[in-house]
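**Student:** Please find one structure pasted underneath; my questions will follow.
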Amino acid sequence: MKTTTSIILFMASSFCFSQVNCFIFLEGSPERQACELCDEAIKHPQGSKASQLLFDKAIAVGPKFAWAYYEKSVPYFKRGFLLEGLEILNEAIRLKPLEYLCYRAYWYWQYRNYKLCIQDLETYYSMPKAFIQFTPGGEKDMRIILGLAYAKTGNYKKGIETIKTCINSYDSEDDFGFADYHSLAILYVKNKQYGEAIDAIQKQLLINKDIADSYYYLGLAYLGIQNKTEARKQFENAILKLNDTNRYFNTNAGFMVHESDVVEALNNLKN
282 MKTTTSIILF MASSFCFSQV NCFIFLEGSP ERQACELCDE AIKHPQGSKA
332 SQLLFDKAIA VGPKFAWAYY EKSVPYFKRG FLLEGLEILN EAIRLKPLEY
382 LCYRAYWYWQ YRNYKLCIQD LETYYSMPKA FIQFTPGGEK DMRIILGLAY
432 AKTGNYKKGI ETIKTCINSY DSEDDFGFAD YHSLAILYVK NKQYGEAIDA
482 IQKQLLINKD IADSYYYLGL AYLGIQNKTE ARKQFENAIL KLNDTNRYFN
532 TNAGFMVHES DVVEALNNLK N
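Position 131 (the sequence shown) corresponds to 412 in the working numbering; numbering is contiguous.
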């Protein structure tokens, strides 16, 4: 399981495309000028008029400098202007697809356009130099997102295979995310593979016991094998964890569970 220090570094590096070293470009070149303008732009609050005008200048002077398009697009996505953000980001992807395709896929995921999310990620992972990328908060490998996106389109089998491949690629338990096995377990439950779901959640609980949804899905898995006593116990554990202010909020879960879902499951057991 990741240590606190590694989590901080992990989150800081994920989808935060670091400031480009302007000195790698020839002095006076369009790329050098654009880079220096971007350096000035990021000193201003993100999305501010001052920063956006500087990014515009950077793009005008260095139209092949991809980082300027990326930085200019970010506040549009964060403020809900998907189309405007895509119009800008698409140019960064045209120039450097290896760096920015996953970022566009993430926003397709956020806006529930799962088919386009899958399309971008399949394209990205087919590229020879594709490397591991994570969601902006650093909490999920984008391969987990791809698996969840497959599940959202009803392809649970491919989603399971994708997440299993991701998990099996890790060199040690320190590489596991705080909800990787939880994501796998959800898809097993959805695919009615209840024994595999129970096994996955048991592994999840060894890494992180604080996801309330894990207990709910564990309850569903036990219910799937007709163990109503254990199912009730896990649904009750889910209620307790949902009311725990220190629980882990599973960002980008894909399949969220509300207290009303758990209460309904408990009520159905009583009937």
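For glycine and all other residues, C-beta sits at the position ideal for the given N, C-alpha and C.
Taking the straight line between their C-alpha atoms, what separation do you get for Asn533 and Glu511?
**Tutor:** Each residue's alpha carbon lies about 28 Å from the other.
**Student:** Do Ala349 and Cys319 come within 8 Å of each other at the CB atom, strictly closer than that value?
**Tutor:** It is a contact, given that the beta carbons lie within the stated cut-off.
**Student:** Using 8 Å as the threshold, is the C-beta distance between Asn531 and Ala460 below it?
**Tutor:** Taking 8 Å as the Cβ cut-off, Asn531 and Ala460 qualify as a contacting pair.
**Student:** If Leu382 and Tyr405 are in contact, beta carbons under 8 Å, what's the gap, nearest whole angstrom?
**Tutor:** Rounded, the Cβ-Cβ distance is 4 Å, consistent with contact.
**Student:** Looking at the secondary structure, which residues open and close the alpha helix (DSSP H) in which Asn559 lies?
**Tutor:** The structure shown does not extend to residue 559, since the chain spans only 282 to 552, so no value can be given for it.
**Student:** Leaving out five residues on either side along the sequence, give the residues of the same chain with a beta carbon under 6 Å from the beta carbon of Glu312.
**Tutor:** Contacts found: Phe306, Gly343, Phe346.
**Student:** With DSSP run on the structure shown, which of helix, strand or coil describes Asp491?
**Tutor:** Three-state DSSP puts Asp491 in coil, outside helix and strand.
**Student:** Please check the pair Trp388 and Gly366, which I expect to be a contact at CB under 8 Å, by giving their CB distance rounded to whole angstroms.
**Tutor:** Trp388 to Gly366, Cβ: 7 Å. Contact.
**Student:** For Glu625, count neighbouring C-beta atoms within 10 Å of its own C-beta (all shown protein chains included) and say buried if the count is 16 or more, exposed if not.
**Tutor:** Nothing in the structure corresponds to residue 625, since the chain is present only between 282 and 552.
**Student:** At what residues does the alpha helix (DSSP H) containing Arg393 begin and finish?
**Tutor:** Run containing Arg393: none; DSSP gives neither H nor E here.
**Student:** Tell whether a beta-carbon distance below 8 Å holds between Ile479 and Ala502.
**Tutor:** Contact flag set, yes.
**Student:** Sorted by chain position, which residues of the same chain lie with C-beta nearer than 7 Å to Ile413's C-beta, five sequence neighbours on each side aside?
**Tutor:** Counting only Cβ-Cβ distances below 7 Å, and skipping sequence neighbours, we find Asp422.
**Student:** Hey, out of Glu517, Lys377, Leu523, Asn527, whose CA is closest to Leu547's CA?
**Tutor:** The shortest C-alpha separation from Leu547 is found at Glu517.
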